[in-house]
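S.K.: Residue numbers (the numbering used here), protein chains in the order written: chain A, 519 to 809; chain F, 128 to 478.
Glycine included, every Cβ here is placed at the ideal spot set by N, Cα and C.
Please read all numbers here as calculations on a predicted model, not as lab measurements.
Quick one: the structure is below, questions incoming.
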């Protein structure tokens, strides 16, 4: 029995060593840096001043809290809207074979597209010098392309939200199509024969049935969009700035002391995402216990 | 209590080379319990779905209490279907499942609670309201599905293979429950099955369907005694078929002239087919019978407990006879025997 256990531990050791060294080692070293421990520049003292500076100092507090607000807004709005678009898209086309094939193809094409490419696409299409602005100007809807509403590089993060919707709706769509196909139409047909109208079938049948998968996918998308750097860097403005961009700028700062702030900001982003994931698991476990 | 008339119903699917439902006509009286019987893929569930409105027929009409249902959406027809796999909503408890139809109608919550209680008592499950579907056995799920269908007082209740997912003893229990509830509520009920025994035990009338076509619609007893054609007779265990011709108010066959008392003689074609159930044939070593008695040879004897089955050759024709084993004459293979086909038990049909 003991020999068997030792065998299991020994066979698990190599992969666990790699995981612990690369993943937890990196996190631990980053955490140490966020506490001010930087031997390379002669800083050995451990304290929370980087966290304090980022969140409460006169210099950074406003940047941090508006950035956090923008982060939450962009992540919630883009996750919610991408899920809604994907849900209605999937419901609209799931019964039509031809549209389903075409849409599946288009969405599948969108999935491997890098976020950076999508962000550039958003600039080409939605900026004031973009395709839509020129088109609207050409057909006389607006006087000149400059009159087109500011959708890219705006302070509300609309361009960033658009890019995430464009990209993540495909992810939601693929998940929803597979869930809807596995569910079939029997539940809806049953509800219909029990007197449920179209809205009631959506509200009381489809939504509760797809919600567990939709919720899981939303957590993944939210966590990603909350911590991602490239799209906000390309489509965002200098103020307010989303937290990952702000963290990266701390790292680019020629003053190496600013690295602690950058790392503190990264740890804060990670903690927020982790709290969210823990909350999600707590919710699902509570539901399993309740059932 | 509602009366249902199905008129010239036709439905085709692109994937099929014949109509799934081909010119079906049926008149179902108020409060009747009717079985749609036939092999898998014969179109019975398709008819059910057209009655609910989930499928639209290509042509024909479905009339409920003198009103065509075709323009009425499913949710307003008052036709409720219980699916084969019950389909209880997994995220709702039993009370919520049963009360679903009333909630959709916007009925007051207190009234829903009261009706749910009544329905669960009706299906003999009064204490499981707070359980989730996955905490229920197959039989309990079936009863909850039935309660959920009945709560809104449907005009027509449709049951798709209601007993097929249950094991033998639960099936007997559920069969009794369906009959009891149906008789109590007098709701016009149609159920789909491929099991001939289930149809006979439950239904007032059986609609036998093959390849989308209605073969016969009559009482279970008639399927045994007066089948409409060979297909119907065979589906209900008929094995004896004799080619016949009309002749002087009787029927002429290659085993001899058969005296016939059936009331359908005038409707018979010149060429027709006689059938008789194995249990209605009588055997005797001496020729004890006055008419319809033919000499034959025992080909095989198979003892099966309460009954013994004989295969008899009569003038190159093979007949099968089943007699109660108790008090049987000593009849063995290769014995010469007289076979009696009682004239009130034989039935002739056009084919």
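Residues in the segment 697-715 of chain A with C-beta within 8 Å of chain F's C-beta atoms, listed in sequence order?
M.R.: Correct list: 704, 705, 707, 708, 709, 710, 711, 712, 713, 714 and 715.
S.K.: Do you know offhand how far residue 568 of chain A's Cα is from residue 237 of chain F's?
M.R.: Position 50 of the first chain, counted from the start, is the residue given in the question as residue 568 of chain A. Position 110 of the second chain, counted from the start, is the residue given in the question as residue 237 of chain F. The alpha-carbon atoms of residue 568 of chain A and residue 237 of chain F are separated by roughly 59 Å.
S.K.: Mind pulling the chain A residues with CB within less than 8 Å of residue 197 of chain F?
M.R.: Here residue 197 of chain F refers to the residue found at position 70 when the second chain is read from its first residue. Neighbours of residue 197 of chain F on chain A: none; closest Cβ ~16 Å, over 8 Å.
S.K.: Have a look at F:192, F:363, F:208 and F:287 and flag the residue whose alpha-carbon is nearest the alpha-carbon of residue 167 of chain F.
M.R.: Translated into positions along the second chain, residue 167 of chain F becomes position 40. Checking every option, the nearest Cα to that of residue 167 of chain F belongs to F:287.
S.K.: Can you say whether residue 721 of chain A is buried or exposed, counting buried as having 16 or more other CB atoms within 10 angstroms of its CB?
M.R.: Here the question's residue 721 of chain A lines up with position 203 in the first chain. When all chains shown are included, residue 721 of chain A counts as exposed.
S.K.: Please classify residue 740 of chain A as buried or exposed, where buried requires at least 16 other C-beta atoms within 10 Å of its C-beta.
M.R.: Residue numbering aside, residue 740 of chain A sits at position 222 when the first chain is read from its first letter. Result: buried.
S.K.: In chain F, what lies closer than 7 Å to residue 823 of chain A by C-beta?
M.R.: The structure shown does not extend to residue 823 of chain A, since chain A is modelled only from 519 to 809, so the question has no answer here.
S.K.: Going along chain A, which residues have a C-beta under 7 Å from residue 207 of chain F?
M.R.: Position 80 of the second chain holds residue 207 of chain F. Result: 711 and 712.
S.K.: Hey, residue 226 of chain F and residue 235 of chain F: beta-carbon distance below 9 Å or not?
M.R.: Position 99 of the second chain, counted from the first residue, corresponds to residue 226 of chain F. Position 108 of the second chain, counted from the first residue, corresponds to residue 235 of chain F. Contact: no.
S.K.: Going by beta carbon distance, what residues of the same chain come within less than 6 Å of residue 676 of chain A, once the five residues before and after it are set aside?
M.R.: As a position in the first chain, residue 676 of chain A is number 158, starting the count at 1. Result list for residue 676 of chain A: 669, in chain order.
S.K.: Could you check whether the Cβ of residue 727 of chain A sits closer than 9 Å to any Cβ belonging to chain F?
M.R.: As a first step, residue 727 of chain A is located in the first chain; it is residue number 209 there, counting from the start. Yes, residue 727 of chain A lies at the interface with chain F (some Cβ there is under 9 Å from its Cβ).
S.K.: When the Cα of residue 265 of chain F is compared with those of F:214, F:218 and F:257, which residue comes out closest?
M.R.: Reading the second chain from its first residue, position 138 is the one you call residue 265 of chain F. It is F:214.
S.K.: Using CA coordinates, which residue listed in F:158, F:373, F:263 and F:441 is at the minimum distance from residue 426 of chain F?
M.R.: In the second chain, residue 426 of chain F corresponds to position 299, counting from 1. The shortest Cα separation from residue 426 of chain F among F:158, F:373, F:263 and F:441 belongs to F:441.
S.K.: Could you say which of F:222, F:316, F:339 and F:153 lies nearest to residue 143 of chain F if we only look at CA atoms?
M.R.: The count along the second chain starts at 1 and reaches residue 143 of chain F at position 16. For the residues F:222, F:316, F:339 and F:153, the minimum Cα distance to residue 143 of chain F belongs to F:339.
S.K.: Restricting to Cα atoms, I'd like to know which of A:748, A:746 and A:703 is closest to residue 727 of chain A.
M.R.: Within the first chain, the letter at position 209 stands for residue 727 of chain A. Closest option to residue 727 of chain A, Cα to Cα, is A:703.
S.K.: Quick one, which of A:643, A:789, A:644 and A:536 has its alpha-carbon nearest residue 744 of chain A's?
M.R.: For the purposes of this step, residue 744 of chain A is identified with residue 226 of the first chain, where counting begins at 1. With distances taken between Cα atoms, residue 744 of chain A lies closest to A:789.
S.K.: Could you tell me whether the segment 332-351 of chain F touches the segment 146-166 of chain F, where touching means 3 or more Cβ pairs closer than 8 Å?
M.R.: Touching, yes.
S.K.: Looking at residue 162 of chain F and residue 317 of chain F, is the spacing between their C-beta atoms short of 9 Å?
M.R.: The residue given as residue 317 of chain F occupies position 190 in the second chain. The residue given as residue 162 of chain F occupies position 35 in the second chain. The answer is yes: Cβ separation under 9 Å.
S.K.: Would residue 177 of chain F and residue 707 of chain A be called neighbours here (beta carbons separated by less than 9 Å)?
M.R.: Mapped onto the second chain, residue 177 of chain F falls at position 50. Mapped onto the first chain, residue 707 of chain A falls at position 189. Cβ distance not < 9 Å, so residue 177 of chain F and residue 707 of chain A don't count as in contact.
S.K.: Exposed or buried, which one is residue 282 of chain F when buried takes at least 16 other CB atoms within 10 Å?
M.R.: Counting from 1 along the second chain, the entry for residue 282 of chain F is found at position 155. Its Cβ being crowded by 16 or more others within 10 Å, residue 282 of chain F is buried.
S.K.: I'd like to confirm the pairing. Which residues does DSSP put opposite residue 202 of chain F in its beta bridges?
M.R.: In the second chain, counting from the first residue as 1, residue 202 of chain F sits at position 75. Note: residue 202 of chain F sits in no beta bridge, so no partner.
S.K.: Please confirm if the segment 753-760 of chain A is in contact with the segment 580-598 of chain A, defined as three or more CB-CB distances below 8 Å between the two stretches.
M.R.: A contact exists between the segment 753-760 of chain A and the segment 580-598 of chain A.
S.K.: Among F:194, F:193, F:164 and F:271, whose alpha-carbon lies nearest the alpha-carbon of residue 212 of chain F?
M.R.: As a position in the second chain, residue 212 of chain F is number 85, starting the count at 1. When each option's Cα is compared against that of residue 212 of chain F, the closest is F:271.
S.K.: What would DSSP say about residue 677 of chain A, mapped onto helix, strand or coil?
M.R.: Position 159 of the first chain, counted from the start, is the residue given in the question as residue 677 of chain A. Reduced to three states, the DSSP call for residue 677 of chain A is helix.
S.K.: Judging by CA-CA distance, which residue of A:710, A:769 and A:772 is the nearest neighbour of residue 201 of chain F?
M.R.: The residue you call residue 201 of chain F lines up with position 74 of the second chain. It is A:710 whose Cα lies nearest to the Cα of residue 201 of chain F.
S.K.: Relative to the C-alpha of residue 246 of chain F, which candidate in F:259, F:464, F:279 and F:157 has its C-alpha closest?
M.R.: Here residue 246 of chain F refers to the residue found at position 119 when the second chain is read from its first residue. Closest by alpha carbon: F:279.
S.K.: Just to confirm my understanding: we take residue 679 of chain A, look at its own chain, exclude 5 residues before and 5 after, and list those with CB closer than 8 Å. What are they?
M.R.: Numbered from 1 along the first chain, position 161 holds the residue referred to as residue 679 of chain A. So the list reads 592, 595, 596 and 599, once near-sequence residues are dropped.
S.K.: Which residues bound the alpha helix (DSSP H) around residue 546 of chain A?
M.R.: Within the first chain, residue 546 of chain A is the residue found at index 28, counting from 1. Element bounds for residue 546 of chain A: 543-552.
S.K.: Along chain A, which residues have their Cβ under 9 Å away from the Cβ of residue 202 of chain F?
M.R.: The count along the second chain starts at 1 and reaches residue 202 of chain F at position 75. Those within 9 Å of residue 202 of chain F in chain A are 709, 710, 711, 712, 713, 714, 715, 716, 718 and 719.
S.K.: So, using beta-carbon positions, are residue 786 of chain A and residue 572 of chain A closer together than 9 Å?
M.R.: Taking the first residue of the first chain as 1, we reach residue 786 of chain A at position 268. Taking the first residue of the first chain as 1, we reach residue 572 of chain A at position 54. Yes. Within cutoff.
S.K.: Is the beta carbon of residue 130 of chain F closer than 9 Å to that of residue 191 of chain F?
M.R.: Translated into positions along the second chain, residue 191 of chain F becomes position 64. Translated into positions along the second chain, residue 130 of chain F becomes position 3. Yes, the pair counts as a contact, with Cβ atoms nearer than the cut-off.
S.K.: Whose Cβ in chain A lies nearer than 9 Å to the Cβ of residue 140 of chain F?
M.R.: Within the second chain, residue 140 of chain F is the residue found at index 13, counting from 1. In chain order: nothing, as chain A lies at least about 14 Å away.
S.K.: To test your reading of the DSSP string, which unbroken alpha helix (DSSP H) runs of 4 or more residues are found completely within the segment 167-201 of chain F?
M.R.: Runs of the alpha helix (DSSP H) inside the segment 167-201 of chain F: 171-179.
S.K.: Chain F beta carbons: is any one of them nearer than 9 Å to that of residue 547 of chain A?
M.R.: Start at 1 with the first residue of the first chain, and residue 547 of chain A comes out as number 29. So no, residue 547 of chain A is outside the interface.
S.K.: Determine which residues share a DSSP beta bridge with residue 334 of chain F and list them.
M.R.: As a position in the second chain, residue 334 of chain F is number 207, starting the count at 1. DSSP output for residue 334 of chain F lists F:163 and F:344 as bridge partner(s).
S.K.: What residues match up with residue 423 of chain F in a beta bridge as DSSP calls it?
M.R.: Taking the second chain and counting its residues from 1, the one referred to as residue 423 of chain F is at position 296. Bridge partners of residue 423 of chain F: F:464.
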